[in-house]
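Encoded as structure tokens, the structure appears first; notes follow it.
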Amino acid sequence: MAMLERNKIVELQAIATQFADHVVHHQLDLTIYQGERVALVGGSGTGKSVLLSEIALLREPDAGEIMLFGQPVTQLSGQGLAGLRKQIGMMFQQGALFSSLTVLENIILPLQEHQRLSQSLLEELAMLKLRLTGLPEQAAHLYPQSLSGGMLKRAAVARALALDPALLLLDEPTAGLDPAGASAFDDMLLELHASLNLTLILVTHDLDSIWRVTDQVAFLGDQRVLAKQPIEMMVKDEHPVIKAYFANNRAKRAAIKLESTA
Ligand SMILES: Nc1ncnc2c1ncn2[C@@H]1O[C@H](COP(=O)(O)OP(=O)(O)OP(=O)(O)O)[C@@H](O)[C@H]1O
Ligand SMILES: [Mg+2]
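Its first residue numbered 1, the sequence shown is counted upward by one per residue in full-length UniProt numbering.
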């Protein structure tokens, strides 16, 4: 029986990115399939956040082609691009909620831009997103500065989910959370992935998250994606850059943990 061809959600071909004479990406290729939970890892400054912005159509690479949901973005009109952008939810590295708006107002904002709905319907939809991320309803009327770190991250995810995206991008979502908070956040991501039929890409340095949440790891180094494979294989990869990245205590501990349960 023939295997069903999996849908490609993101296909990056020969991407180049540079700032003045600083080359960040060169001949970078990456394919992500529907439903995958991908960790994008690599040393600081290797261009993970920039790549996420390019996938989210927030900045253009200097060369190469980005295909999203099978469509080459360079060939799309403004309207076509707007349609694609709605299918992508992004949680930024700095959270980036508007501090002058309540949590609910923050979630409503993207809805308002794209849908002509009554205020009460907007609020209802926003509350639904809020509940999806496990936030208590009382959080809706708080301002970002009065939320804990973990609640802020959930509120940012709720906003990213406002337009029912098919692809959710998260930039270091568990950075700054305590271990219990980080693992609760990871569980929430897994639940969202399962219930909303999402494809996930998360930039993370958090090895616990990588082991728990993701099924594929894309490793950024030498200005391109050096490998995309499950973490079990990544920690055994002999490429010197990959080896160096994982040759620290946390990675070793995680690898040992796996071996002892195998
Ligand atoms: N707007 C910009 N102008 C100039 N240089 C930039 C700009 N944005 C990013 N860079 C540079 O591009 C490189 C990649 O940045 P990026 O933020 O993607 O790294 P990163 O892999 O996300 O790092 P980290 O793990 O520290 O978040 C860095 O050297 C950064 O200084
Ligand atoms: Mg970054």
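Idealized CB from N, CA, C, for every residue including glycine.
Through-space distance from residue j to residue i, alpha-carbon basis
| i | j | result |
| --- | --- | --- |
| His239 | Gly83 | 39 Å |
| Leu200 | Gln119 | 30 Å |
| Arg6 | Arg37 | 14 Å |
| His114 | Lys243 | 45 Å |
| Leu226 | Leu220 | 6 Å |
| Leu81 | Pro144 | 30 Å |
| Trp211 | Ile231 | 7 Å |
| Leu76 | Asp178 | 43 Å |
| Ala56 | Arg224 | 18 Å |
| Ile9 | Glu123 | 30 Å |
| Ser100 | Asp206 | 31 Å |
| Phe246 | Leu117 | 49 Å |
| Ala184 | His141 | 23 Å |
| Met151 | Arg85 | 25 Å |
| Val241 | Gly176 | 26 Å |
| His25 | Pro72 | 19 Å |
| Thr46 | Leu30 | 15 Å |
| Ala262 | Val23 | In this predicted model, Ala262 has a pLDDT of only 46, less than 50, meaning its place in the structure is not dependable enough to derive any value. |
| Leu111 | Gln79 | 17 Å |
| Lys236 | Leu58 | 34 Å |
| Leu12 | Ala218 | 12 Å |
| Ser195 | Gln229 | 24 Å |
| Met127 | Gly35 | 25 Å |
| Ser260 | Met233 | Here the model assigns Ser260 a pLDDT of 49, short of 50, so the residue's position is not dependable, and the following value carries that caveat. Their Cα atoms are separated by approximately 16 Å. |
| Lys129 | Ala182 | 20 Å |
| Gln216 | Ser44 | 20 Å |
Beta carbon proximity, residue i to chain C, threshold 9 Å
| i | result |
| --- | --- |
| Val157 | Looking at the structure shown, chain C is missing, and only one protein chain is on hand. |
Closest Cα partner of residue i within the set the options
| i | options | result |
| --- | --- | --- |
| residue 305 | Ala162, Ser99, Phe92 | Past the edges of the chain, shown from 1 to 262, lies residue 305, and the structure says nothing about it. |
| Gln138 | Leu81, Leu200, Val103, Ala20 | Val103 |
| Glu54 | Ala155, Ala16, Lys228, Leu189 | Ala16 |
| Glu172 | Leu189, Ala166, Asp164, Pro165 | Leu189 |
| Thr214 | Phe19, Gln112, Val41, Lys8 | Val41 |
| His193 | Gly176, Leu170, Leu207, Leu147 | Leu170 |
| Asn197 | Tyr33, Leu51, Asp237 | Tyr33 |
| Ala180 | Gln27, Gly149, Thr204 | Gly149 |
| Asp164 | Leu125, His26, Ser183 | Leu125 |
| Gly70 | Gln87, Met234, Leu128 | Gln87 |
| residue 321 | Gln112, Val217, Phe19, Leu167 | For residue 321 there is no data in the structure shown, the boundaries of the chain being 1 and 262. |
| Leu52 | Val235, Gln93, Met234, Asp222 | Gln93 |
| Leu167 | Leu58, Ala182, Ser44, Leu68 | Leu68 |
| Arg131 | Gln112, Val235, Gln229, Glu191 | Glu191 |
Which residues DSSP lists as bridging residue i, in chain order
| i | result |
| --- | --- |
| Tyr33 | Lys8 |
| Phe219 | Val41, Ala227 |
| Phe185 | Answer is none; Phe185 lacks a bridge partner. |
| Ala16 | Ala63 |
| residue 263 | What the structure shows of the chain is the stretch from 1 to 262, and residue 263 is not part of that stretch, so it cannot be assessed. |
| His25 | Thr17 |
Sequence-distant residues of its chain with Cβ nearer than 6 Å to residue i (five each side left out)
| i | result |
| --- | --- |
| Arg159 | Asn106, Ile107 |
| Val157 | Met91, Thr133 |
| Ser209 | Thr174, Asp186 |
| Asp21 | none |
| Ala63 | Ala16 |
| Ala14 | Gln27, Gly64 |
| Gly89 | Ala160, Leu161, Pro165, Leu168 |
| Ser146 | none |
Neighbourhood of residue i by C-beta, 7 Å cutoff - its chain only, sequence neighbours within 5 removed
| i | result |
| --- | --- |
| Phe98 | Asn106 |
| Lys48 | Leu40, Gly42, Val203, Leu220 |
Nonlocal neighbours in the same chain, by C-beta distance under 8 Å from residue i, ignoring five residues either side
| i | result |
| --- | --- |
| Thr74 | Glu65, Ile66 |
| Leu135 | Val103, Met151, Arg154, Ala155, Ala158 |
| Asp222 | Val241 |
| Ala96 | Ala156 |
Beta strand (DSSP E) runs contained entirely in the stretch 36-124, provided each spans 3 or more residues: Entirely contained in the stretch 36-124, the beta strand (DSSP E) runs reaching 3 residues are, in chain order, 37-41, 63-68, 88-91.
Every unbroken alpha helix (DSSP H) inside the stretch 136-168 [4 residues or more]: Complete alpha helix (DSSP H) runs here, min 4: 149-160.
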